[in-house]
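What follows is one structure encoded as structure tokens, with my remarks underneath.
In the working numbering, the protein residues as written are 1 to 294.
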């Protein structure tokens, strides 16, 4: 990894930071946090976030699981590789590198938003390694974050645009950035200032605006990835915030693709359940065969 990259400003008690080395020049090193003991639990974050997105969840489950919280390729403190792809298959390849390089088996995959979609597609690819999948607010519908507010729509749309896109992706005024993240919350007080500062801190890494733009431009590949859901053999639990950006029709469409999946809708919360209600996710992880709610 580049020695120019900044270091994390948030420390999660009980975690250690590790790196998976690249196997060839076209892929970068992957950073992950590890904590706890027990069966493996892999946590997958969403767009423009990182492993610290699960800072409140990790301590709640570390007594039952060995937790691996991954920084997806190019994001957080994983290595930025020039001209890398940030479409769904490339992101999924990073998840699968973690699973195979560490030889993880009997794995519980919990992903939020983009991470939820990747958890499902990685489970489809590696069925013998996956015990179950908890997919939280899957990001696999048209519009995505643009549904949250005009501000989010303008910024993400601008970042994808030719010519001005790189400029917009590289400019993140704190009030604007905070407001976009708050659009994913029912309770905006769940967004802590030190987390906002950490995400902005990561955004100063050389090449990070290119990563952000690449991810935004490839969000349609997450919609295409829904075609893989029927291939998942492991038990699946779909979790949605009542105020998530997805519509009831989006949720029902995924229930149709995964007819045996459990389903929980969490009242009063938005897209970032790991920030608002980590206790709900911890309960789903620690209760065997948790009952579904409609």
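Note that the Cβ used here is the ideal one computed from N, Cα and C, for glycine as well.
Quiz item: For the region 26-43 against the region 80-92, are there 3 or more C-beta pairs whose distance is under 8 angstroms?
Solution: In the pairwise beta carbon analysis, the region 26-43 is classified as touching the region 80-92: at least three pairs are separated by under 8 angstroms.
Self-check item: Per-residue DSSP class, three states only, for residue 40
Solution: Start at 1 with the first residue of the chain shown, and residue 40 comes out as number 40. Strand at residue 40.
Practice problem: Going by CA-CA distance only, name the one from 132, 211 and 271 that's closest to residue 233. | Solution: Taking the first residue of the chain shown as 1, we reach residue 233 at position 233. Here the closest residue by C-alpha is 132.
Quiz item: Which residues mark the beginning and the end of the alpha helix (DSSP H) in which residue 85 is found?
Solution: Translated into the one-based positions of the chain shown, residue 85 becomes position 85. Boundaries cannot be given for residue 85, as no alpha helix (DSSP H) includes it and DSSP labels it neither H nor E.
Quiz prompt | Run of the beta strand (DSSP E) containing residue 246, from where it starts to where it stops | solution = Taking the chain shown and counting its residues from 1, one reaches residue 246 at position 246. Careful: residue 246 lies outside any beta strand (DSSP E) and carries neither H nor E.
Practice problem: Can you tell me which of 186, 258, 16 and 96 puts its alpha carbon nearest to the alpha carbon of residue 321? | Solution: Here the chain covers residues 1 to 294 and nothing more, so residue 321 does not appear.
Self-check item: Which of helix, strand or coil DSSP assigns to residue 263
Solution: Here residue 263 refers to the residue found at position 263 when the chain shown is read from its first residue. The DSSP-derived three-state label of residue 263 is strand.
Quiz item: What residue range is occupied by the uninterrupted alpha helix (DSSP H) comprising residue 222?
Solution: Against the chain shown, residue 222 aligns to sequence position 222. Under the DSSP assignment, residue 222 falls in the alpha helix (DSSP H) whose first and last residues are 220-224.
Quiz item: Near residue 275, what residues of its chain come up, given a Cβ to Cβ distance below 6 angstroms and the 5 sequence neighbours on each side ignored?
Solution: The residue you call residue 275 lines up with position 275 of the chain shown. In its chain, beyond the 5 residues on either side, 190 have a beta carbon closer than 6 angstroms to the beta carbon of residue 275.
Quiz prompt | Backbone CA spacing between residue 231 and residue 42 [nearest angstrom] | solution = By one-based count along the chain shown, residue 231 stands at place 231. By one-based count along the chain shown, residue 42 stands at place 42. Looking at the backbone, the Cα of residue 231 and that of residue 42 are separated by about 20 angstroms.
Quiz item: Could you give the residue range of the beta strand (DSSP E) that holds residue 192?
Solution: Here residue 192 refers to the residue found at position 192 when the chain shown is read from its first residue. Per DSSP, residue 192 belongs to no beta strand (DSSP E) and is neither H nor E.
Quiz item: Hey, how far is the Cα of residue 106 from the Cα of residue 175?
Solution: Stepping through the chain shown from its first residue, residue 106 is reached at position 106. Stepping through the chain shown from its first residue, residue 175 is reached at position 175. Their Cα atoms are separated by approximately 42 angstroms.
Exercise. Please look up how many angstroms separate the CB atoms of residue 211 and residue 74, rounded, as I've assumed it's under 8 angstroms.
Key: The sequence position of residue 211 within the chain shown is 211, counting from 1. The sequence position of residue 74 within the chain shown is 74, counting from 1. Under the criterion of beta carbons closer than 8 angstroms, residue 211 and residue 74 qualify as touching, at roughly 4 angstroms.
Quiz item: Roughly how many angstroms separate the alpha carbons of residue 200 and residue 8, rounded to a whole number?
Solution: Taking the chain shown and counting its residues from 1, one reaches residue 200 at position 200. Taking the chain shown and counting its residues from 1, one reaches residue 8 at position 8. In a straight line, the C-alpha of residue 200 is about 11 angstroms away from that of residue 8.
Exercise. Please name the residue in 240, 268 and 244 whose C-alpha comes closest to that of residue 255.
Key: Locating residue 255 in the chain shown gives position 255, counting from the first residue. Of the candidates 240, 268 and 244, the one whose C-alpha sits nearest the C-alpha of residue 255 is 240.
Quiz item: For residue 127, does the count of other Cβ atoms within 10 angstroms reach 16, so buried, or fall short, so exposed?
Solution: Locating residue 127 in the chain shown gives position 127, where the first residue counts as 1. Exposed, because fewer than 16 other Cβ atoms sit within 10 Å of the Cβ of residue 127.
Quiz item: Which of the three DSSP states, helix, strand or coil, is assigned to residue 273?
Solution: Numbered from its first residue, the chain shown carries residue 273 at position 273. Collapsing the DSSP output to three states places residue 273 in a helix.
Quiz item: Residue ranges of each beta strand (DSSP E) run of no fewer than 3 residues wholly in the region 114-157, ordered along the chain?
Solution: Annotation: the region 114-157 contains the following complete segments of the beta strand (DSSP E) (minimum length 3 residues), in chain order: 130-136.
Quiz item: Which residues in the same chain have their Cβ closer than 7 angstroms to the Cβ of residue 130, if we skip the five residues on either side of it in sequence?
Solution: Your numbering for residue 130 matches position 130 in the chain shown. Cβ neighbours of residue 130 beyond the five flanking positions: 107, 109, 123 and 234.
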